[in-house]
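K.L.:
Numbering (our numbering), first residue to last: 538 to 611.
Note that CB positions come from ideal geometry on N, CA and C, so glycine has one too.
Have a look at the structure that comes next, please.
Here it is as structure tokens:
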């Protein structure tokens with residue numbers, strides 16, 4: 538069982554984690570593009586909400602990865 542947990546955590550760290558963080562980075566980039574477009578077209582500053590969304594997505598994904606690693610290691 539311990540060997541399975543070690544391989545599961547290694548798989549999570551090497552394969553799933555980079556894909557997950559690339560996905561969250563893509564979402565953050567989309568938010569930044571959307572934010573820049575909004576800032577160009579509107580006079581109201583909307584930087585803070587978009588930043589909060591990007592930070593929240595990254596934080597949540599990090600928590601999920603840490604939680605899964607904890608569950609797999611028992």
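1. Quick one: what's got a C-beta closer than 8 Å to residue 606's C-beta in the same chain, skipping five residues either side?
2. Just to confirm my understanding: we take residue 598, look at its own chain, exclude 5 residues before and 5 after, and list those with CB closer than 7 Å. What are they?
3. Assuming residue 609 contacts residue 542 under a Cβ cut-off of 8 Å, what Cβ separation, rounded to an integer in Å, is found between them?
4. What does the alpha-carbon distance come out to for the pair residue 600 and residue 544?
P.N.:
Reading off the structure:
1. The residue labelled residue 606 in the question sits at position 69 within the chain shown. Only 546, 549 and 550 meet the Cβ criterion.
2. What you label residue 598 is simply residue 61 of the chain shown in a count that begins at 1. In the same chain as residue 598, and ignoring 5 residues on each side of it, the C-beta atoms closer than 7 Å to its own belong to 557, 558 and 561, in chain order.
3. For the purposes of this step, residue 609 is taken as the residue at position 72 of the chain shown. For the purposes of this step, residue 542 is taken as the residue at position 5 of the chain shown. Contact annotation, residue 609 with residue 542: C-beta distance approximately 5 Å; criterion of less than 8 Å satisfied.
4. Position 63 of the chain shown holds residue 600. Position 7 of the chain shown holds residue 544. Put simply, the backbone Cα of residue 600 is about 20 Å away from that of residue 544.
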